[in-house]
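J.: So in the working numbering the end of the sequence shown lands on 485, straight run, no missing numbers. Yeah, the Cβ is synthetic: ideal placement off N, Cα and C, and Gly gets one too.
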Amino acid sequence: MKYVNLFSGIGAYNQAMKKFDGECVWSCEKNSYSLETYKVNFNLNASKDIRNISVKEIPDHEVLLCSLPEKAFAKAEQRSWYEFSDTDLVFEMTKVIESKNPKYVLFENIKNLGTNEKGKTWKKLKEIFKRLGYVTTKKPILLSPHQFGIPHFKTRSFVTAIKKEFINEDYLELNFRGKVKKSSNNIETIFNKKDKFDSNIYEITPTEKRILDAWNEFRKNVKVENLDFPIWTDHFKTANRIVDQMSEWMQSVVNKNKELYINNVKFIDSWLQKNYDVLRAKSSYRKLDWKDESGIKDIYGGLIQIKASGIKIQEPTVVQSISSISEVPIYGPEKRRLTLRECARLLSLPEEFEINKNIKQAYKQFNQTVNVTVVEKILEKLFEYK
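1. If I follow the unbroken alpha helix (DSSP H) through residue 198, where does it start and stop?
2. Using the three-state DSSP reduction, which class does residue 467 fall into: helix, strand or coil?
3. Counting C-beta neighbours from all protein chains within 10 Å, is the total for residue 461 16 or more, i.e. buried, or is it exposed?
4. Helix, strand or coil for residue 427, going by three-state DSSP, please let me know.
5. How big is the Cα-Cα spacing for residue 238 and residue 213?
6. Exposed or buried, what is residue 431 when buried is set at 16 or more other beta-carbons lying within 10 Å of its beta-carbon?
7. I'd like the list of long-range same chain contacts for residue 130, defined as Cβ closer than 7 Å, with 5 residues on each side in sequence excluded.
8. I'd like to know if the stretch 413 to 431 and the stretch 457 to 475 are in contact, where contact means that at least 3 CB-CB pairs between them fall below 8 Å.
9. Going by DSSP in three states, residue 206 sits in which element: helix, strand or coil?
10. Quick one: what does DSSP say residue 160 is sitting in, helix, strand or coil?
11. Where does the unbroken alpha helix (DSSP H) through residue 442 begin, and where does it stop?
12. Buried or exposed for residue 265, going by 16 or more other Cβ atoms inside 10 Å?
13. Which word fits residue 476, buried or exposed, when buried means at least 16 other C-beta atoms lie within 10 angstroms of its C-beta?
14. Going by the beta-carbon positions, is the gap between residue 224 and residue 192 smaller than 8 Å?
15. Distance check for residue 220 and residue 181, CA to CA, integer angstroms please.
16. Are the Cβ atoms of residue 303 and residue 435 separated by less than 8 Å?
17. Going straight from the alpha carbon of residue 185 to that of residue 252, what length do you get?
18. Just the Cα atoms here: how many angstroms apart are residue 157 and residue 203?
19. Which one of 134, 289, 481 has the shortest CA to CA distance from residue 446?
20. Would you mind stating whether residue 417 and residue 291 have Cβ atoms separated by less than 8 Å?
21. Nearest to residue 145 by CA position, among 160, 153, 126, is which residue?
22. Let me check understanding here. Comparing Cα to Cα, which of 384, 433, 377, 391 lies closest to residue 402?
23. If you drop the 5 nearest sequence neighbours on each side, which residues of the same chain put their C-beta closer than 6 Å to that of residue 227?
24. Could you please give me the residues that DSSP links to residue 477 through a beta bridge?
25. Rounded to whole angstroms, what's the CA-CA distance from residue 330 to residue 234? Just pull it up for me.
26. Taking the alpha-carbon positions, what's the residue 321 to residue 314 distance?
27. Would you say the stretch 106 to 118 touches the stretch 443 to 457, given that touching needs at least three Cβ pairs under 8 Å?
28. Of all the options 241, 428, 123, which has the alpha carbon lying nearest to the alpha carbon of residue 143?
29. For residue 418, list the residues DSSP reports as bridge partners.
30. Along the chain, where does the beta strand (DSSP E) containing residue 312 start, and where does it finish?
31. Measuring alpha carbon to alpha carbon, tell me which of 207, 394, 236, 147 ends up nearest residue 470.
32. Exposed or buried, what is residue 104 when buried is set at 16 or more other beta-carbons lying within 10 Å of its beta-carbon?
33. Quick check: what's the CA-CA separation for residue 425 versus residue 190?
34. For residue 154, count the other beta carbons within 10 Å of its own beta carbon; 16 or more makes it buried, fewer makes it exposed. Which is it?
35. In or out: residue 256 buried (at least 16 other Cβ within 10 Å) or exposed?
36. Just curious, the beta strand (DSSP E) that residue 242 is in, first and last residue?
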């Protein structure tokens, strides 16, 4: 089955199509680092900017696969993005579809594609596919890897289409049964005892351990009936006149922090004094999201994420963000971040997949990559339409 891969990234679609004996006849990718990874894994040269390519150069194919950059549907201040123009990447994709008439189309994008611009984006896309002679699902398909037992929570919109002559219905129906809940996942499924990694890269730093130890002590000593809010040391003593100017949600959070402080003033004052220097090191160290509902009793018993917005503690079920080395989740029991190989497993990439040697770029690529298993599941259903 011949296919093309638009905006191929590091080749997740190529990997998925191996299951169907697919033959990639053309692909494009503008990012030079992604091109490196793509070429070394699939021995394919991708064209760069699709806007500089004539559709005549693209071979005929049965399947068009596409990962449009998120900005293709991002909101803009000056105009509505659902009004696609000839400068949009969406337009480039539709040019290829109109010229080559592939039997199947699949592309993925932001979670809220179906509701973006109050539904106008999706309405416009459906109109385009209908004009080109395709049948789509009523709404974009929303799927996340965790629903298939892969401990990665990342919901994306998937748009599928098939040429009208191959279907008698007005809409495509792709049903996915047996999906599992987040709580049924376990992060340990991506671990392999045989893995070797550089502790200097992945183990938490002495400063990170100190702030985590401090919060561990805090959480175990403060008395609170139900911790259902983020702890924010900057707001333990915020004046009421300032609180009154905040949004309703912020007022609730700040007032709960003030109450927490008043009810534990002796311990908190001592704790703040003891940990003053590390708390002042970064503003993110002064905010903790560790709710009772997580069920985690010790900070090192779950997944830890140190983000610019604060420190978050969650049960060791699913990973959310893998955008950069600094924000990659820390596996508490081993006091280390998830390795690049483990993140590759979150994307269902095979063990032999060669990861880009530039660590910063590798994490960025993984954050932008669609999960292989999810794509395989969708294609299985789509290809049932002969």
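T.: According to the structure data:
1. In the sequence shown, counting from the first residue as 1, residue 198 sits at position 99. First-last of the alpha helix (DSSP H) with residue 198: 188 to 199.
2. Position 368 of the sequence shown, counting from 1, holds the residue named residue 467. Looking at residue 467 - three-state DSSP - the assignment turns out to be coil, as it is neither helix nor strand.
3. By one-based count along the sequence shown, residue 461 stands at place 362. Residue environment analysis places residue 461 among the buried positions, since at least 16 neighbouring C-beta atoms fall within 10 angstroms of its C-beta.
4. For the purposes of this step, residue 427 is taken as residue 328 along the sequence shown, with counting starting at 1. Note: residue 427 maps to coil in three-state DSSP.
5. As a first step, residue 238 must be located in the sequence shown, where it is residue number 139. As a first step, residue 213 must be located in the sequence shown, where it is residue number 114. Residue 238 and residue 213 have their C-alpha atoms roughly 6 Å apart.
6. For the purposes of this step, residue 431 is taken as the residue at position 332 of the sequence shown. So residue 431 ends up on the buried side.
7. For the purposes of this step, residue 130 is taken as residue 31 along the sequence shown, with counting starting at 1. Apart from the 5 residues on each side of it in sequence, residue 130 has no Cβ closer than 7 Å to any other Cβ in its chain.
8. Note that the stretch 413 to 431 touches the stretch 457 to 475; at least 3 beta-carbon pairs, one per stretch, sit closer than 8 Å.
9. Numbered from 1 along the sequence shown, position 107 holds the residue referred to as residue 206. The answer is strand: DSSP assigns residue 206 an E or B state.
10. Residue mapping note: residue 160 aligns to position 61 of the sequence shown, counting from 1. Three-state result, residue 160: coil.
11. Translated into positions along the sequence shown, residue 442 becomes position 343. Taken as a continuous stretch (DSSP letters only), the alpha helix (DSSP H) holding residue 442 covers 439 to 445.
12. For the purposes of this step, residue 265 is taken as residue 166 along the sequence shown, with counting starting at 1. Answer is exposed; the Cβ neighbour count stays below 16.
13. To locate residue 476, count along the sequence shown from 1; it is residue 377. Residue 476 sits buried, since 16 or more C-beta atoms from the chains shown fall within 10 Å of its C-beta.
14. As a first step, residue 224 must be located in the sequence shown, where it is residue number 125. As a first step, residue 192 must be located in the sequence shown, where it is residue number 93. With respect to residue 192, residue 224 sits apart: the two C-beta atoms are not nearer than 8 Å.
15. As a position in the sequence shown, residue 181 is number 82, starting the count at 1. As a position in the sequence shown, residue 220 is number 121, starting the count at 1. Its pLDDT being 48, under 50, residue 181 is placed unreliably in this model, and the value from its coordinates should be taken loosely. The alpha-carbon of residue 181 is positioned some 4 Å away from that of residue 220.
16. In the sequence shown, counting from the first residue as 1, residue 303 sits at position 204. In the sequence shown, counting from the first residue as 1, residue 435 sits at position 336. Taking 8 Å as the Cβ cut-off, residue 303 and residue 435 qualify as a contacting pair.
17. The sequence position of residue 185 within the sequence shown is 86, counting from 1. The sequence position of residue 252 within the sequence shown is 153, counting from 1. Residue placement at residue 185 is flagged as unreliable, the pLDDT there being 46, under the threshold of 50; a coordinate-derived value is accordingly withheld.
18. Along the sequence shown, read from residue 1 onward, the residue named residue 157 stands at position 58. Along the sequence shown, read from residue 1 onward, the residue named residue 203 stands at position 104. If you take the alpha carbons of residue 157 and residue 203, they lie about 16 Å apart.
19. Here residue 446 refers to the residue found at position 347 of the sequence shown. When only C-alpha atoms are compared, the closest one is 289.
20. As a first step, residue 417 must be located in the sequence shown, where it is residue number 318. As a first step, residue 291 must be located in the sequence shown, where it is residue number 192. Cβ atoms of residue 417 and residue 291: not closer than 8 Å.
21. Working through the sequence shown from its first residue, we reach residue 145 at position 46. Comparing Cα positions, the closest option is 126.
22. By one-based count along the sequence shown, residue 402 stands at place 303. It is 433.
23. Residue 227 sits at position 128 when you count from the first residue of the sequence shown. Once the five neighbours on either side are set aside, the close Cβ partners of residue 227 are 193.
24. Locating residue 477 in the sequence shown gives position 378, where the first residue counts as 1. None, per the DSSP bridge assignment.
25. Position 231 of the sequence shown, counted from the start, is the residue given in the question as residue 330. Position 135 of the sequence shown, counted from the start, is the residue given in the question as residue 234. If I take the Cα positions, the gap works out to 49 Å.
26. The residue you call residue 321 lines up with position 222 of the sequence shown. The residue you call residue 314 lines up with position 215 of the sequence shown. Each residue's alpha carbon lies about 10 Å from the other.
27. Short answer: they touch.
28. Against the sequence shown, residue 143 aligns to sequence position 44. Ranking 241, 428, 123 by Cα distance to residue 143 puts 123 first.
29. Numbered from 1 along the sequence shown, position 319 holds the residue referred to as residue 418. According to DSSP, residue 418 bridges with 251.
30. Here residue 312 is taken as the residue at index 213 of the sequence shown, counted from 1. Run containing residue 312: none in the beta strand (DSSP E); it sits in the alpha helix (DSSP H), 305 to 320.
31. If you number the sequence shown from 1, residue 470 lands on position 371. Measuring from the Cα of residue 470, the nearest candidate turns out to be 207.
32. Your numbering for residue 104 matches position 5 in the sequence shown. It is buried - the Cβ of residue 104 has at least 16 other Cβ atoms within 10 Å.
33. Residue mapping note: residue 425 aligns to position 326 of the sequence shown, counting from 1. Residue mapping note: residue 190 aligns to position 91 of the sequence shown, counting from 1. The alpha-carbon separation between residue 425 and residue 190 amounts to approximately 36 Å.
34. Position 55 of the sequence shown, counting from 1, holds the residue named residue 154. So residue 154 ends up on the exposed side.
35. Taking the first residue of the sequence shown as 1, we reach residue 256 at position 157. Residue 256 comes out buried.
36. Against the sequence shown, residue 242 aligns to sequence position 143. Counting along the chain, residue 242 sits inside the beta strand (DSSP E) bounded by residues 240 to 242.
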